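Trainee: My questions will all concern the structure given below.
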Amino acid sequence: MHKTSTLIMATVLVVASFFLHRLYGYISVTIAVMLASTALAGYPVVRKAIGALRYRIVGIEVLVSVATIGAVIIGEYWEAAAVTYLFLFGGYLEAKTLEKTRSSIKALLNLAPETARIVKNGKEEVVDPKSVVQGDRVIVKPGERIAVDGTVEDGLAYVNQSTVTGESLPVERQAGQQVFAGTVVESGYLIVEAEKVGDQTTFARILELVEEAQDAKAKTQKFLERFSQYYTPGIMVLSLVLFLFTRDIRLSLTLLVIACPGALVISAPVSIVAGIGNGAKKGILVKGGDVMERLGTVRAIAFDKTGTVTKGEPEVVFLQAFDIDRDELLGIAASGETYAEHPIAKAIVGYASERLAQDIRIPEETNPIPGKGVVFVLGGKTYLLGNRALFADHTVSLEIHEPAIRAEEELARTVVIVGSTERVLGFFAIADTVRPQAKELLKALKKIGIRHVVMLTGDNERTARAIAGQLGFDSYRASLLPQDKVSALKELQAEYGTVAMVGDGVNDAPALATADLGIAIGGAGSDVAMETADVIVMSSHLSMLTHAVGLSRATVRNMKQNIVFAILVAVILLAGVLVRTVDLSFGMLVHEFSVLLVIINAIRLMGYGKNTKL
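Read in order, the letters of the sequence shown are residues 9 to 622 in my numbering.
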């Protein structure tokens with residue numbers, strides 16, 4: 009029978025028995041209705057109790073079943089009907105309110121793409137997303153959900169990526185850019201080449217991780233479960249001892265009911281599920297209750313530099329020309345870097361492409377010099393582009409321009425010099441620019457209780473010092489090899505306790521493993537991030553790290569509130585039983601009410617950080 013139907017029928021019977029008892033007392037009809045109510049509401053309880061006992065588990069259902077059967081035996085039919093009904097009704101309300109804590113997770117499940125539109129034999133076909141294979145061309149129209157991870161082949165669209173990255177505003181996507189399954193094209197259209205399909209997509213991995221996270225238990229939760237294994241049988245023994253001393257069967261049965269540890273057992277998992285659901289909605293994946301609990305105790309955070317507090321993409325931030333037109337210098341440099349694959353070369357070519365009206369010319373000859381730069385011929389003239397060593401090899405003096413070059417280097421910038429075999433024509437200052445939210449992030453972390461924030465980088469001392477000073481790190485360590493970062497983290501753990509390591513999830517695997525918590529920023533699409541990190545912030549927005557730490561602390565605080573409340577209610581009820589002011593039905597009513605309050609308190613976590621914007 010459906011739970012709702014059972015509850016409705018039980019409600020009718022218990023209300024009828026209440027009025028019959030009030031009007032006529034314990035007559036045959038009244039007793040029959042009460043027993044019918046007890047049987048209907050108590051059947052699911054007894055069935056669960058028997059099932060648990062088969063596995064040698066003495067749970068709440070066993071206590072309620074024993075109390076109910078005992079009440080019937082001693083002729084307390086109304087108490088039996090009231091206890092079973094209240095337990096049934098409480099369970100129904102618990103299930104409904106628990107659904108609320110899982111609402112964000114359920115919402116994610118509902119956002120999975122149901123169809124895919126592919127091009128096959130020159131025609132469009134709507135198919136099941138599971139039938140799409142790598143290399144298929146997927147067409148996505150306005151309002152449709154993208155069914156694969158892939159690269160845009162053609163089209164221009166604004167895509168809502170909130171299901172993956174948590175970003176609230178749509179982002180523009182065009183040819184050459186990556187898109188993710190589960191995201192929605194709000195306007196425009198896209199033709200996407202499928203690269204990851206089915207269970208391999210980022211969205212599918214997110215769902216898998218969130219579902220696994222719900223099953224991964226926090227230490228507190230594990231302790232409470234172990235405690236309940238001994239507590240429940242202990243209560244039965246205590247109830248028996250109480251009966252032997254008092255010979256009051258009603259008192260002993262009441263003790264069984266009010267001692268049910270329902271609120272205590274549920275206090276930790278309901279908070280954890282609500283916290284994980286909130287994080288998932290924001291694009292923050294926390295791999296389980298244990299991780300959520302540990303994240304809430306972090307006292308120091310170490311940041312990798314490249315790709316974390318910086319963008320990880322070199323940019324031209326300054327151009328200096330000496331006795332030559334800036335555009336002419338830019339054109340010469342871009343020509344020299346045309347065939348180079350180095351990130352710095354790409355930065356120069358990209359900078360030139362945006363600013364030059366004419367096309368970049370192709371050099372007649374190109375001779376890359378590893379570790380120094382490139383020598384190339386353009387328009388019959390030889391040019392040099394690189395570092396000091398390259399110009400020293402060709403006996404071109406830098407003395408006059410050395411102060412300007414050093415000034416840029418002191419700002420933690422890489423200087424690329426451009427010149428002929430006769431003189432210096434100018435230079436580029438290139439930097440891995442810091443993320444705009446980085447400075448505010450460090451301030452926000454301090455406000456929520458992080459005691460020490462340190463930057464660990466393999467970059468040189470000068471660059472590390474400049475960036476650490478600019479952003480406000482408490483300390484920094486430069487020129488670190490992977491094993492050096494591990495040593496640095498161990499020192500931080502010895503001094504501060506729980507330490508988190510924040511990186512891009514691609515490098516520094518030893519450091520992420522050594523830290524108490526590994527946090528990956530910008531994990532969307534990264535398999536490495538999803539495998540190695542404990543916490544994955546899907547977007548590259550650093551503000552979400554503050555949300556993650558704050559959410560974990562709110563979750564731990566909420567869990568502690570629930571535990572204290574559950575224990576307090578149990579103590580008060582126990583005292584009430586011993587002074588004979590709490591009866592069976594009232595004890596069950598308070599028990600169910602306490603469970604609901606614990607769940608409602610956890611639901612508050614769903615609203616944490618509603619004003620947080622990306």
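Just so you know, even glycine gets a beta-carbon here, dropped at the ideal spot from N, CA and C. None of the values given here were measured: they were computed from a predicted structure.
Shorter than 7 Å, the distance from the beta carbon of A360 to the closest heavy atom of the ligand PLP, or not?
Mentor: The ligand content of the structure shown is nil, which means the ligand PLP is not present either.
Trainee: Which of helix, strand or coil does DSSP assign to K295?
Mentor: K295: coil per DSSP, three-state reduction.
Trainee: Going straight from the alpha carbon of V37 to that of A47, what length do you get?
Mentor: Cα to Cα, V37 sits roughly 15 Å from A47.
Trainee: Indicate whether I340 and L386 have their beta-carbon atoms separated by less than 8 Å.
Mentor: Yes, they are a contact pair.
Trainee: Tell me the rounded alpha-carbon separation between P241 and V20.
Mentor: P241 and V20: Cα-Cα distance of roughly 34 Å.
Trainee: Taking the alpha-carbon positions, what's the V187 to Y238 distance?
Mentor: One C-alpha to the other measures close to 52 Å.
Trainee: From this set, Y616, G50 and V70, which residue's C-alpha is nearest G59's C-alpha?
Mentor: With distances taken between Cα atoms, G59 lies closest to V70.
Trainee: Take A103 as the anchor and find which of P518, L43, I608 and K204 has the nearest alpha-carbon.
Mentor: Of the listed residues, the one whose Cα sits closest to A103 is I608.
Trainee: So is L15 buried or exposed if we call it buried at 16+ other beta carbons inside 10 Å?
Mentor: Its Cβ being crowded by 16 or more others within 10 Å, L15 is buried.
Trainee: Are the stretch 198-217 and the stretch 143-162 touching by the rule of at least three beta carbon pairs closer than 8 Å?
Mentor: Yes: at least three Cβ pairs fall under 8 Å.
Trainee: If you draw a straight line from the C-alpha of A496 to the C-alpha of A583, how long is it?
Mentor: Cα-Cα distance, rounded: 53 Å.
Trainee: Who are the Cβ neighbours of K227 in its own chain at under 7 Å, not counting the five residues just before and after it?
Mentor: Closer than 7 Å at the Cβ level, and outside the excluded window around K227, lie D298 and E301.
Trainee: Residues in the same chain with beta-carbon distance under 8 Å from K447, minus the five sequence neighbours each way, listed in chain order, please.
Mentor: Answer for K447: Q478, L479 and G480, listed in chain order.
Trainee: Do the CB positions of D160 and A183 come within less than 8 Å of each other?
Mentor: The question names Asp, but residue 160 in the sequence shown is Val. Yes, these two residues count as a Cβ contact at 8 Å.
Trainee: Count the C-beta pairs between the stretch 564-578 and the stretch 267-279 that are closer than 8 Å, then say yes if the count reaches three, no if not.
Mentor: In short, these stretches touch, since the Cβ pair count reaches three.
Trainee: Quick check on Y85: does DSSP put it in helix, strand or coil?
Mentor: Three-state DSSP puts Y85 in a helix.
Trainee: Within 10 Å of its beta-carbon, does A40 have 16 or more other beta-carbons around it, so buried, or fewer, so exposed?
Mentor: Flag for A40 reads exposed.
Trainee: Looking at A308 and L500, is the spacing between their C-beta atoms short of 8 Å?
Mentor: The answer is yes: Cβ separation under 8 Å.
Trainee: For the 8 Å Cβ check, are there 3 or more pairs between the stretch 436-445 and the stretch 314-333?
Mentor: Touching, yes, given that three or more Cβ pairs across the two stretches are closer than 8 Å.
Trainee: Determine the contact status of V167 and V192, defining contact as a CB-CB distance below 8 Å.
Mentor: Against a cut-off of 8 Å, the Cβ pair of V192 and V167 comes out as a contact.
Trainee: Below 8 Å on the Cβ atoms is my contact criterion, and I expect L393 with V404 to pass it. Report the Cβ-Cβ distance as a whole number of Å.
Mentor: About 12 Å separates the two Cβ atoms, so there is no contact after all.
Trainee: Please say whether V426 and L419 have beta carbons closer to each other than 8 Å?
Mentor: No, these two residues do not count as a Cβ contact at 8 Å.
Trainee: With a Cβ-Cβ cutoff of 8 Å, do L293 and I126 count as a contact?
Mentor: No, they are not a contact pair.
Trainee: So does the stretch 281-293 actually touch the stretch 406-414, counting three or more Cβ pairs closer than 8 Å?
Mentor: Not touching, per the Cβ criterion.
Trainee: Compute the Euclidean distance between the alpha carbons of I611 and Y100, then round it to the nearest angstrom.
Mentor: When rounded, the distance between both Cα atoms is 17 Å.
Trainee: Can you tell me which of the three DSSP states F384 falls into?
Mentor: Three-state DSSP puts F384 in a strand.
Trainee: Could you work out which residue in G379, E336 and E349 is closest to D367 when comparing CA atoms only?
Mentor: The shortest Cα separation from D367 among G379, E336 and E349 belongs to E336.
Trainee: So what's M546 in DSSP terms, helix, strand or just coil?
Mentor: DSSP places M546 in coil when its eight states are reduced to three.
Trainee: L613: which of A562, L604 and V598 sits nearest, CA to CA?
Mentor: The shortest Cα separation from L613 among A562, L604 and V598 belongs to A562.
Trainee: Tell me which residues share the same chain as Q169 and place their Cβ nearer than 7 Å to its Cβ, disregarding the 5 neighbours each side in the sequence.
Mentor: Closer than 7 Å at the Cβ level, and outside the excluded window around Q169, lie E175, V179, F188 and T191.
Trainee: Tell me, which residues are paired with T522 by DSSP?
Mentor: Answer is none; T522 lacks a bridge partner.
Trainee: Out of K11, G33, T522 and Y85, which has the shortest C-alpha to C-alpha gap to E44?
Mentor: Note on residue identity: the sequence assigns Ala, not Glu, to residue 44. For A44, the nearest C-alpha among the options comes from Y85.
Trainee: Among E216, G320 and E345, which has the Cα closest to the Cα of A288?
Mentor: Answer by Cα proximity: E216.
Trainee: Closest to E362 by C-alpha separation, out of E416, A342 and T374, would be which residue?
Mentor: Checked all of E416, A342 and T374; the closest Cα to E362 is A342.
Trainee: Consult DSSP for H402 and reduce its assignment to one of helix, strand or coil.
Mentor: Coil at H402, not helix or strand.
Trainee: Please identify the residue among V590, V585, G505 and Y616 whose C-alpha is closest to the C-alpha of A556.
Mentor: If we check each option's Cα against that of A556, Y616 comes out closest.
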